[in-house]
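Chemist: Residue numbers (the numbering used here): 1 to 386. We treat Cβ as the ideally placed atom computed from N, Cα and C, and that holds for glycine. Quick one: this structure, given as structure tokens, is what I'll be asking you about.
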């Protein structure tokens with residue numbers, strides 16, 4: 001507490017116009033013994049020791065407290081002076097504190113960071129902290145009290161365990177736009193996505209003789225609707241849904257799945273190797289190199305490619321009815337399967353024939369490329385004539 005305590009009226013005059021003229025000439029004479037430069041860095045502790053008027057230049061020069069702690073200290077003095085004079089501190093000094101707080105906010109440096117968290121008080125922290133120290137609370141409106149009562153009652157009714165379970169609940173895997181290993185797996189093959197197995201099953205059950213299967217696009221709105229539903233984490237697919245009855249929608253859904261893979265089926269790191277292998281002039285060497293690259297694919301990618309190529313081979317076997325020979329299927333799936341994650345126009349133009357040829361070759365000789373005889377220690381079939 002300062003040794004020389006001015007009255008609240010004097011303090012109000014100081015915080016209103018920044019002057020202490022009303023304090024009298026005798027007090028002015030005492031304060032003039034110190035220059036502004038001598039007092040500009042005086043901390044609040046010096047004010048307590050030497051008296052209020054001894055350090056008046058601290059605020060009259062800059063018009064603000066030096067920092068957050070200094071401001072809290074000045075507000076505390078205002079409160080204590082109000083009590084000393086017998087006035088109501090909640091009414092008499094509140095206007096002065098509010099004004100000084102506003103001044104403090106205006107002149108605070110833009111780059112200064114508050115001591116509290118980023119979601120802190122936005123300048124009201126000083127007031128809140130002081131009220132906390134003095135044990136008083138800020139005025140509250142009836143609406144605020146009602147809102148607090150409702151919040152408290154609702155928090156008492158809701159068990160904390162339920163909220164905790166909701167936060168920790170693991171979301172189901174998405175179907176589109178995620179890596180193969182993150183997709184919902186098929187029940188019969190954990191390395192093949194559920195959506196791939198479902199689409200191939202629908203086509204093989206009802207579309208083997210459907211003319212132009214995979215070449216005729218489906219309704220975009222229905223395709224998007226199915227994508228949205230599957231991306232919500234459906235663990236099962238209802239094939240009886242009317243949207244699954246349209247073969248063109250299902251074929252478009254399958255192509256969209258592979259087109260949206262962030263890591264293409266032939267993988268980014270092996271893409272150039274596949275293109276170079278397809279350009280090998282010797283047919284036998286070309287086939288062996290392609291087969292080795294396919295066998296070196298990661299588990300999910302190898303199994304999914306094996307499943308898809310087997311499905312396309314089944315479609316090609318019914319080409320007399322559906323008119324989809326291996327070449328036609330390669331024209332549809334080549335650009336979708338054999339690509340990079342950041343495909344550019346140059347690659348699309350220069351590598352397009354290679355993409356077609358690679359997929360066509362896989363469909364024509366799927367049994368040889370994906371034979372498991374080598375894994376069982378059996379002799380591999382001779383390289384097919386290309």
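1) State the Cα-Cα distance for the pair residue 184 and residue 363, rounded to the nearest angstrom.
2) In three-state DSSP terms, what is residue 187?
3) From 69, 194, 76, pick the residue whose C-alpha is nearest to that of residue 300; which is it?
4) Going by CA-CA distance only, name the one from 212, 266, 259 that's closest to residue 248.
5) Could you give the distance in angstroms between the alpha-carbon of residue 318 and the alpha-carbon of residue 368?
6) Just grab the DSSP bridge partners of residue 193 for me.
7) Take residue 277 and list the residues in its own chain whose beta-carbon comes closer than 8 Å to its own, dropping the five residues that flank it on each side.
8) Going straight from the alpha carbon of residue 191 to that of residue 324, what length do you get?
9) Quick one, are the C-beta atoms of residue 243 and residue 256 less than 8 Å apart?
10) Have a look at 349, 355, 339 and flag the residue whose alpha-carbon is nearest the alpha-carbon of residue 329.
11) Taking the alpha helix (DSSP H) that residue 359 falls in, what are its first and last residues?
12) Mind reading off the beta-carbon distance from residue 175 to residue 230? Whole number of angstroms is fine, and I expect it under 8 Å.
13) What's the C-alpha gap between residue 296 and residue 338?
14) On the criterion of 16 or more Cβ atoms from any shown chain inside 10 Å, does residue 197 qualify as buried, or is it exposed?
15) Run through DSSP, which three-state label would residue 210 get?
16) Using the C-alpha atoms, what's the distance from residue 254 back to residue 262?
17) If you draw a straight line from the C-alpha of residue 147 to the C-alpha of residue 259, how long is it?
18) Since residue 321 contacts residue 366 with CB under 8 Å, what's their CB separation in whole angstroms?
19) Locate the alpha helix (DSSP H) running through residue 304, then write down its first and last residues.
20) Roughly how many angstroms separate the alpha carbons of residue 282 and residue 220, rounded to a whole number?
21) With a Cβ-Cβ cutoff of 8 Å, do residue 217 and residue 340 count as a contact?
22) For the alpha helix (DSSP H) that residue 372 lies in, which residues bound it at each end?
23) Just checking my contact of residue 370 with residue 306 at CB under 8 Å: how many whole Å lie between their CB atoms?
Modeler: Based on what the coordinates show:
1) Cα to Cα, the separation comes out at about 26 Å.
2) Residue 187 falls in the coil class under three-state DSSP.
3) Distances from the CA of residue 300 to each of 69, 194, 76 were compared; the closest alpha carbon is that of 194.
4) Distances from the CA of residue 248 to each of 212, 266, 259 were compared; the closest alpha carbon is that of 212.
5) Rounded to whole angstroms, residue 318 to residue 368 spans 20 Å at the Cα level.
6) In DSSP, residue 193 forms a bridge with 185.
7) Within its own chain, the residues whose Cβ lies closer than 8 Å to the Cβ of residue 277, once the five positions on either side in sequence are excluded, are 286, 289, 290, 293, listed in chain order.
8) Residue 191 and residue 324: Cα-Cα distance of roughly 27 Å.
9) Taking C-beta atoms as the reference points, residue 243 and residue 256 fail to come closer than 8 Å.
10) Residue 329 has its Cα closest to that of 355, out of 349, 355, 339.
11) Its alpha helix (DSSP H) spans residues 352-364.
12) In this structure residue 175 touches residue 230 by the C-beta definition: roughly 4 Å separates them, less than 8 Å.
13) Inter-residue distance for residue 296 and residue 338 is about 16 Å (C-alpha atoms, whole angstroms).
14) Residue 197 is buried by the Cβ-count criterion.
15) Three-state result, residue 210: coil.
16) CA-to-CA, the gap between residue 262 and residue 254 works out to about 15 Å.
17) Low local confidence applies: a pLDDT of 49 at residue 147 is under 50, so the model's placement there is unreliable, with the coordinate-based value given in what follows. Going by the C-alpha atoms only, they are around 51 Å apart.
18) The pair is not a contact, with the Cβ atoms about 20 Å apart (cut-off 8 Å).
19) Unbroken alpha helix (DSSP H) run through residue 304: 299-316.
20) Distance from the CA of residue 282 to the CA of residue 220, rounded to the nearest whole angstrom, comes to 44 Å.
21) Remark: C-beta atoms of residue 217 and residue 340 do not approach each other more closely than 8 Å.
22) Counting along the chain, residue 372 falls outside any alpha helix (DSSP H), and DSSP gives it neither H nor E.
23) Your pair residue 370 and residue 306 checks out as a contact, with CB atoms roughly 5 Å apart and the cut at 8 Å.
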